[in-house]
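Enquirer:
There are 4 protein chains.
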Amino acid sequence: MKSSNFVLLVLFLNVVSNIVAAAPPTCPADIGSDCATSSGEWEGEFFPGIPEIKYEGPSSKNPLAFKWYNAEEEILGKKMKDWMRFSVAFWHTFRGTGGDPFGAPTKAWPWEDGTNSLAMAKRRMRANFEFIKKLGVDKWCFHDRDIAPDGKTIEETNANLDEVVALANELQGKRIRPLWGTAQLFHHPRYMHGAATSSELGVYVYSAAQVKKAMEVTQYLGGENYVFWGGREGYQSLLNTDMERELNHMARFFEAAVAYKKKIGFNGTLLIEPKPQEPTKHQYDWDAATAANFLRKYGLIDEFKLNIECNHATLSGHSCHHELETARINGLLGNIDANTGDPQIGWDTDQFMMDVGEATLVMLSVIKNGGLAPGGFNFDAKLRRESTDVEDLFIAHIAGMDTLARGLRNAAKLIEDGSLSELVRKRYQSFDSELGAEIEAGKADFEVLEKKAIAWGEPKVASAKQELAEMIFQSAL
Amino acid sequence: MKSSNFVLLVLFLNVVSNIVAAAPPTCPADIGSDCATSSGEWEGEFFPGIPEIKYEGPSSKNPLAFKWYNAEEEILGKKMKDWMRFSVAFWHTFRGTGGDPFGAPTKAWPWEDGTNSLAMAKRRMRANFEFIKKLGVDKWCFHDRDIAPDGKTIEETNANLDEVVALANELQGKRIRPLWGTAQLFHHPRYMHGAATSSELGVYVYSAAQVKKAMEVTQYLGGENYVFWGGREGYQSLLNTDMERELNHMARFFEAAVAYKKKIGFNGTLLIEPKPQEPTKHQYDWDAATAANFLRKYGLIDEFKLNIECNHATLSGHSCHHELETARINGLLGNIDANTGDPQIGWDTDQFMMDVGEATLVMLSVIKNGGLAPGGFNFDAKLRRESTDVEDLFIAHIAGMDTLARGLRNAAKLIEDGSLSELVRKRYQSFDSELGAEIEAGKADFEVLEKKAIAWGEPKVASAKQELAEMIFQSAL
Amino acid sequence: MKSSNFVLLVLFLNVVSNIVAAAPPTCPADIGSDCATSSGEWEGEFFPGIPEIKYEGPSSKNPLAFKWYNAEEEILGKKMKDWMRFSVAFWHTFRGTGGDPFGAPTKAWPWEDGTNSLAMAKRRMRANFEFIKKLGVDKWCFHDRDIAPDGKTIEETNANLDEVVALANELQGKRIRPLWGTAQLFHHPRYMHGAATSSELGVYVYSAAQVKKAMEVTQYLGGENYVFWGGREGYQSLLNTDMERELNHMARFFEAAVAYKKKIGFNGTLLIEPKPQEPTKHQYDWDAATAANFLRKYGLIDEFKLNIECNHATLSGHSCHHELETARINGLLGNIDANTGDPQIGWDTDQFMMDVGEATLVMLSVIKNGGLAPGGFNFDAKLRRESTDVEDLFIAHIAGMDTLARGLRNAAKLIEDGSLSELVRKRYQSFDSELGAEIEAGKADFEVLEKKAIAWGEPKVASAKQELAEMIFQSAL
Amino acid sequence: MKSSNFVLLVLFLNVVSNIVAAAPPTCPADIGSDCATSSGEWEGEFFPGIPEIKYEGPSSKNPLAFKWYNAEEEILGKKMKDWMRFSVAFWHTFRGTGGDPFGAPTKAWPWEDGTNSLAMAKRRMRANFEFIKKLGVDKWCFHDRDIAPDGKTIEETNANLDEVVALANELQGKRIRPLWGTAQLFHHPRYMHGAATSSELGVYVYSAAQVKKAMEVTQYLGGENYVFWGGREGYQSLLNTDMERELNHMARFFEAAVAYKKKIGFNGTLLIEPKPQEPTKHQYDWDAATAANFLRKYGLIDEFKLNIECNHATLSGHSCHHELETARINGLLGNIDANTGDPQIGWDTDQFMMDVGEATLVMLSVIKNGGLAPGGFNFDAKLRRESTDVEDLFIAHIAGMDTLARGLRNAAKLIEDGSLSELVRKRYQSFDSELGAEIEAGKADFEVLEKKAIAWGEPKVASAKQELAEMIFQSAL
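Chains as they are written, first to last, in our numbering: chain A, 78 to 554; chain B, 78 to 554; chain C, 78 to 554; chain D, 78 to 554.
Below, the structure written as structure tokens:
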């Protein structure tokens, strides 16, 4: 390796080359190590050793098979694939390098040539669709800047994007569509103070142009949603920040996005993805309730839904289930970024969800929501930095899909059994009375209630039966 | 000690007696140890060794003097006392026992006789006003159940309350008034599932009666605000909870409170005090933004303000300054519970604020808000369990008041210096332009902005100068 | 309720009486509501509606049956009961009141008379043994002050303890023994600054006397271990603390305990139970590594083992599995306090462990340790405050036992399958070489290694296969 | 910008070029924009607008002057510079790019040419020494891979290092020396599983060669200490980790390092730098106590000291003061990495310490330790990503140095005043007695103590006076 300092990241190209040398590409033997031809075209299969992933049932020991996810099987009157609407996240799966704040990239996928060229972008897109097809899903998600390289000007950048998007459109075929698209407004140094909330007018303007194009492209590809994740929309210190002015700018930006969506006839749902912090000290869309307050304050509540990410939920001090339920009862549950964090870690680890209990709670919310469509489950999850085999990409997605599928089966079992919902119903049954109805209708004033209180004396209070509820829940796993 | 199990709390009376024996009361020598007479009247002074607390300036080494708080001194055109509007919290100061989840009470104030009788309640109220006067403040805060004992029925309880409140009214004199009153809806087992959000209709009804009375009593005493802290309004587990129904009930309850306030002509501000958790796993008024979302959703946003507590802020993952600013820019900053937590501790420690840096940030928000009136600073802070001298009550309040007073002086210094606000103004000056004004007026659509972006090319982005801002801030301390 | 302030805890007796009135005791109908006779003797059965808990298998829906714990069944060559060695914690189960820092007791067990009398202590002990027998376990744990009331002097207190202990001995019969005993050194105000680390000589002396007696009593009852949990051995603030002197005192105290143990011929294991904080800001036995450092520093490492509590592990920023493994590889894993915390809560919730994944990890450590004997699993877990039915005590223990039993079954499955351990073995196989052996034997110096490094060039690094490991793990659940 | 994906980091070179173009280098006008000549030599001054930083006293408003740090001034009998022994961290100051997990580099220092060439390494080293001299300090710290580029082989890499080190030696002159050097064992992908604890033998071997060279180089430059920070020595998951074997390897590695140090006659102190996690889920040197336990277990306790970093302290759940005191009373306080974290953030923010209260606590420990020599204060702190002016490098260091200098002045004030230490002394004075001395000498057994306890009766327990201690502490700020 030529480079070596923990912050200097200049010569990854060489790093990647070295690693590629160490881990020879798995392209067909008859083409040899230069199956990536000089013209940038890749002639072979990207995942030659990997079959189409099939359902083999819980007793299978095959890492490259589903044990719980059976796409066409019906659960509670709907096919599993229609409950799940799984989507592959292009950025983690195809642009994740394994770099972290203390370390260089570790992935040396054989199809990568170490450049960010247009040719490389296209080859990568082919890999993406081979992956999606072998995995057996029909949705993907992308940031504009993941899929095509920047040019020197906005026009050049847009032209690059158009070229890659045309290819993607062709590769999508009839079945595959973006679950959602988005503009990547956090990586480039111009966005260091935010995009819509940047202190610089020029950046606000630039990001409007970028979002405009990203919405157009999402529409062109048949995307069903469009996401805003404001990774830099927040502050590092209140000492140098005018939070009120920044929030006003953010609202103006969203209003303009809504107007443009309507103008071009894009029917997809606009989604805000809450996250409390990282990379900022404080992100304006802290959690579901904070995002909802913002939307209500600025009159935007009917124009947006939320994309809840489990790892973001726990970083904000909530369980994922809590955030899903908060979104749901505010009428805002639109999509789920299916990942998980580490309960002892204070940053976004974006791990594949592997906890069956958590997955069951997630699916309980999804079922109560009547499903997520036009949203779905996006795998905003990445391989651990130390997982460097191509097959690890498949293993991780399979395990994540199986975990959620098992969650769906468990949730259905709980619902069909009915004990848990009956326990909850009974807890509140004293409100299923005449006075309860009056209270719930807003017709019982304090004077009426005081009279009742005096008449009734000390109220009886029943056990909440939490341990019983937990026992019932666990027995469904 | 007679009692001894870490959860059994039965025989504190004996504990207290033992400690009292060990720590002889400080009542006047000529009355002797039975200055608490058999009729429950206390003839002596409660704090015989403590003088009225005076301002002596920063060089004083006297623990019983103010070094920074000089009530009548003008800062930025207002007297210090009018900026601060300090209030003594009756519960911590006069009902705090030093008990914790693992330990028995440790305080053995000489005026306590170990009972919760009406006579004891009155004696304690006298101690409260002697304390307030010696400290030189003119506000106090109370929960209904702190100041008077429960009776066997609501009527008896209300009669007890009336008797104590009549005495308090007399002792208040012309100068002293409640900053706010509130109903204590969390200690009694009947509230274990919540009050307004209890699963039991009878508890909802009972708590309405209690709040009704507490509002009346607050009005009678000339209270300027009324607070809702929903310590039990939340959940321990979502498995056995109908969160949506509970939140609807809470909204109905608040609507009834607003209606009753108007009916009786109470002009005080209604305040919600956010807290994320403890005692519940999740409290519905999690933080300022969550409370604001609730108020907006249910059409109550114009009827309430927020009482921000610094320790609650940090428990919810925010700085106190953040919560104050969030409340302020939502038009909701009504009062501050002036305390602090320990940054390494995950529960409410309710310590007196002793950090001058934090106090300076707090006062910057207060000044931007134009002060807090009719709200103020309530010392929702308690002595450490191990601080058991009567004088510790004074030392803690003096240090807390001095810290905030020093914060006010520093904040004024920063404002008068102007460097920090100038640094912030300059960061955003690109928006003080024609296009900036159009954007802020909502008149710049994405197509206009895209044209500008193309015309302008790559935007310039200036340094945020955070370290300079921190240097300026620190230099004012 | 007569009392009502959130800190005043004086009149719980009345509270309890009221609740008892509301919730009539479940004693046999023919005896009537006064089955607790005036002499304080309880004539009836304590849990009349509860049968002996039997194993019914995973398909059972009976909350009062085991679905996974089958005491006599052999797993990996040992009976389940011998792997588990379950113990009932007297304090949570029989002295837990449901009180919390914001609320009064909520439990109104029918056998309680609201006093802490010697008669009540004996009746409660009978309830304990009926509970243990119905649950089908044969161990219990106690603090000295839970089981017998304080007297006015040490002699009186010890006499009370002797009387109750004699009864316990009789009730234990041939089968039941204490898993461990301990001295309760945190509840009484005298311990507010610590016991062995108190700033007061008198308290150090007093606690020595208390521990001496508690060790004697544990020995008398046939206890197999003796535990030190230093809940107050720590500090609230370093400003007023001489940490070095306190730690020296703690070491002297432990030395004296070791000497006394040997003198009286007590063969049980001495256990230290790490906890990071609460009630103190910082507890000296922060985690397993901190306790080990202390023991090594003072030459006590061979005299003690550790009692790892899962909830304490997570409060200290570690997974429970990490703490168990740290204890194990330091040769210190002696006992487990089987409970769990809430990942979003920063205090000790002491919940029953209900997570099958966590239980499987716990059991993997236990199996690697060759079991825990003479230690075992103590249920240091309490009912939620809102769980107020007598049957909840059984439901919670059954669910907790079943969860760990299911963990044992899963861990055995993983071990029998072998894939996971094989994955780990392979990761390190490059060390199963000649040079690897030299390194591990401390025979390879830097010069030798440098030559090898130069000769070998860039090392190859394989994937860590974490997702595959997680997939294998989950498939065993 | 050419590159744009949030994980792809390939083309920073172009990014940097672009930014450099936007922010013209500040080299002397007569040389023009190509003052970085083709031969890679930099002819001009690196910081042309920055004067030597002087002490101007607290009333100065000059951001480029010290207000509190007056190097030659004596405090408690020692010059400020001898208390502080400030060191510039080469990596943050000269290799910090502003990149974060979600964003590209933001710094475009005019002297950088976008390469990691040997010529660039030398130019950067010149900048380093100009910076150090203008700042007025005489120490610096480095990782081997920060200061010189990797070659294709170990020999080539070492040759590069030798060339840069020779220049550094020349530039150091008589006054400047490394506070410490270290080997960078975490950035390169080869270290993804650790260095000394890697699962790969080849990596263990490679890292031995690297540490050997780094120790030699540190010795050559006159370094006074050598540091081990094991950023990758830990695990991501226990499922695929053999923790015991890894820890054994780490011990063997340290033993070999000690042997080699002695062999070459290097007199510097070996330092371990604890950190709980990040980049790993769990780092083996979690905190001071964990590192001490490791050192004791493997018989290395006399060969190492600790380098305590404040931000690492808070990440591990401790205050910085706690970690310093823990190190100190274990005889291990060797050096301080002077930075700070954000109390609401769960990752390493490495901010410059700007809190005067915290700095005062730090200096209290340093004074109690009799200073840190041969260790000192290394500024392991970095500019915020958004601070992009060259002058920000100076402002940040000045503010950090001033904060610690102010802490020293405050600590001295506290010590000279004596009230705080007197308060502490008095708390423990009951142990300054005959029995206290016996206990502290290990001569008081439980039987003796029980007799005393019975004779003395209930012990008296005094107030801990924490609020008074806090008042005294704050008054010194």
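Ideal Cβ positions, reconstructed from N, Cα and C, are used throughout, including at glycine.
With 9 Å as the C-beta to C-beta threshold (strictly closer), list the residues of the segment 230-249 of chain A near chain B in chain order.
Expert: Thr230, Ile231, Glu232
Enquirer: Between which two residues does the beta strand (DSSP E) containing D:His220 stretch?
Expert: Walking along the fourth sequence from the start, residue 220 of chain D turns up at place 143. Run containing D:His220: 216-220, per the beta strand (DSSP E) assignment.
Enquirer: If you draw a straight line from the C-alpha of C:Phe550 to the C-alpha of D:Val525, how long is it?
Expert: Counted from its first residue, the third sequence places residue 550 of chain C at position 473. Counted from its first residue, the fourth sequence places residue 525 of chain D at position 448. C:Phe550 and D:Val525: Cα-Cα distance of roughly 55 Å.
Enquirer: Answer yes or no: do D:Ser136 and D:Lys216 have a C-beta to C-beta separation smaller than 8 Å?
Expert: Translated into the one-based positions of the fourth sequence, residue 136 of chain D becomes position 59. Translated into the one-based positions of the fourth sequence, residue 216 of chain D becomes position 139. No. Outside cutoff.
Enquirer: Out of D:Val433, D:Pro140, D:Ile406, D:Asn344, state which residue places its alpha-carbon closest to the alpha-carbon of D:Leu383.
Expert: Locating residue 383 of chain D in the fourth sequence gives position 306, counting from the first residue. Comparing Cα positions, the closest option is D:Ile406.
Enquirer: Note down the Cα distance separating A:Trp186 from A:Val467, rounded to an integer number of angstroms.
Expert: The count along the first sequence starts at 1 and reaches residue 186 of chain A at position 109. The count along the first sequence starts at 1 and reaches residue 467 of chain A at position 390. The straight-line gap from Cα to Cα measures roughly 7 Å.
Enquirer: Considering D:Lys556, what are the terminal residues of the beta strand (DSSP E) in which it resides?
Expert: Residue 556 of chain D lies beyond the range of chain D shown here (78 to 554); nothing can be said about it.
Enquirer: Quick check on the DSSP output: the alpha helix (DSSP H) that includes A:Val38 runs from which residue to which?
Expert: Examination of residue 38 of chain A is not possible in this model, given that chain A is present from 78 through 554 alone.
Enquirer: Along the segment 527-540 of chain C, what residues have a CB closer than 9 Å to any CB found in chain D?
Expert: Glu527, Lys528, Lys529, Ala530, Ile531, Trp533, Gly534, Glu535, Pro536, Lys537, Val538, Ala539
Enquirer: Anything in chain B within Cβ reach of A:Phe343, meaning under 9 Å, just list it in chain order.
Expert: Stepping through the first sequence from its first residue, residue 343 of chain A is reached at position 266. What A:Phe343 touches in chain B: nothing, since even the nearest Cβ is about 12 Å away.
Enquirer: Three or more beta-carbon pairs under 8 Å between the segment 344-354 of chain B and the segment 362-382 of chain B, yes or no?
Expert: With the cut-off at 8 Å, the segment 344-354 of chain B and the segment 362-382 of chain B touch.
Enquirer: How would you call B:Phe230, buried or exposed, if buried means at least 16 neighbouring beta carbons within 10 angstroms?
Expert: Position 153 of the second sequence, counting from 1, holds the residue named residue 230 of chain B. Per the sequence shown, the amino acid found at residue 230 of chain B is Thr instead of Phe. With fewer than 16 Cβ atoms within 10 Å of its Cβ, B:Thr230 is classed as exposed.
Enquirer: Taking only beta-carbon atoms, is D:Ser496 less than 8 Å away from chain C?
Expert: One-based indexing of the fourth sequence puts residue 496 of chain D at position 419. False, the Cβ-Cβ gap to chain C never drops below 8 Å.
Enquirer: Find the nearest neighbour of B:Tyr312 within the set B:Ala333, B:Ala272, B:Phe523, B:Gly250, judged by alpha-carbon distance.
Expert: Position 235 of the second sequence, counted from the first residue, corresponds to residue 312 of chain B. Nearest of B:Ala333, B:Ala272, B:Phe523, B:Gly250 to B:Tyr312, Cα basis: B:Ala272.
Enquirer: So, under 8 Å CB-CB, C:Gly448 and C:Lys155 are touching, yes? Tell me the CB distance rounded to an integer number of Å.
Expert: Translated into positions along the third sequence, residue 448 of chain C becomes position 371. Translated into positions along the third sequence, residue 155 of chain C becomes position 78. 7 Å between Cβ atoms; contact.
Enquirer: Measure from the alpha carbon of D:Leu491 to the alpha carbon of each residue in B:Gly126, B:Ala553, B:Lys138, B:Gly173, then state which is nearest.
Expert: Working through the fourth sequence from its first residue, we reach residue 491 of chain D at position 414. Residue B:Lys138 is the option with its Cα nearest to D:Leu491.
Enquirer: Between the segment 240-257 of chain A and the segment 293-304 of chain A, are three or more C-beta pairs nearer than 8 Å?
Expert: yes
Enquirer: Do we get a CB-CB distance below 8 Å when we pair B:Met269 with the residues of chain C?
Expert: The residue labelled residue 269 of chain B in the question sits at position 192 within the second sequence. Interface residue, yes.
Enquirer: Over what stretch of residues does the alpha helix (DSSP H) that includes D:Asn325 continue unbroken?
Expert: For this step, residue 325 of chain D is matched to residue 248 along the fourth sequence. Start and end: 320-341.
Enquirer: Looking at the C-beta of A:Leu485, does it have a partner C-beta in chain B at a distance below 8 Å?
Expert: Within the first sequence, the letter at position 408 stands for residue 485 of chain A. So no, A:Leu485 is outside the interface.
Enquirer: Check the Cβ-Cβ distances between A:Ala181 and every residue of chain F, and say whether any is below 8 Å.
Expert: Protein chains in the displayed structure are A, B, C and D, and chain F is not among them.
Enquirer: When you compare only the Cα positions, how much space is there between D:Val433 and C:Asn235?
Expert: The residue given as residue 433 of chain D occupies position 356 in the fourth sequence. The residue given as residue 235 of chain C occupies position 158 in the third sequence. Separation of D:Val433 and C:Asn235 (C-alpha to C-alpha, rounded to the nearest whole angstrom) is 52 Å.
Enquirer: Distance check for D:Lys445 and D:Gly452, CA to CA, integer angstroms please.
Expert: Locating residue 452 of chain D in the fourth sequence gives position 375, where the first residue counts as 1. Locating residue 445 of chain D in the fourth sequence gives position 368, where the first residue counts as 1. Their backbone Cα atoms lie some 15 Å apart in a straight line.
Enquirer: Which two residues bound the contiguous alpha helix (DSSP H) that contains A:Trp160?
Expert: Within the first sequence, the letter at position 83 stands for residue 160 of chain A. Boundaries of the alpha helix (DSSP H) harbouring A:Trp160: 157-161, taken from the DSSP string.
Enquirer: State the DSSP-derived secondary structure class of A:Glu151, mapped to helix, strand or coil.
Expert: Mapped onto the first sequence, residue 151 of chain A falls at position 74. Strand, per DSSP.
Enquirer: Tell me which residues share the same chain as D:Ser464 and place their Cβ nearer than 6 Å to its Cβ, disregarding the 5 neighbours each side in the sequence.
Expert: Within the fourth sequence, residue 464 of chain D is the residue found at index 387, counting from 1. So no residue of the chain qualifies.
Enquirer: For C:Pro128, is the classification buried or exposed, using 16 other Cβ atoms within 10 angstroms of its Cβ as the cut-off for buried?
Expert: Looking up residue 128 of chain C in the third sequence gives position 51. With fewer than 16 other Cβ atoms within 10 Å, it is exposed.
Enquirer: Could you tell me which of C:Gly175, C:Thr183, C:Glu247 sits nearest to C:Asn205, measuring between CA atoms?
Expert: For the purposes of this step, residue 205 of chain C is taken as residue 128 along the third sequence, with counting starting at 1. That would be C:Glu247, whose Cα lies nearest to the Cα of C:Asn205.
Enquirer: Anyone know if the C-beta pair for B:Leu485 and B:Met440 falls short of 8 Å?
Expert: Position 408 of the second sequence, counted from the first residue, corresponds to residue 485 of chain B. Position 363 of the second sequence, counted from the first residue, corresponds to residue 440 of chain B. In this structure, B:Met440 lies closer than 8 Å to B:Leu485 by Cβ.
Enquirer: Can a CB atom of chain D be found closer than 8 Å to the CB of B:Met202?
Expert: For the purposes of this step, residue 202 of chain B is identified with residue 125 of the second sequence, where counting begins at 1. Output row for B:Met202: interface = no.
Enquirer: Check whether the Cβ of B:Gln543 lies closer than 8 Å to any Cβ atom in chain D.
Expert: Numbered from its first residue, the second sequence carries residue 543 of chain B at position 466. Interface residue, yes.
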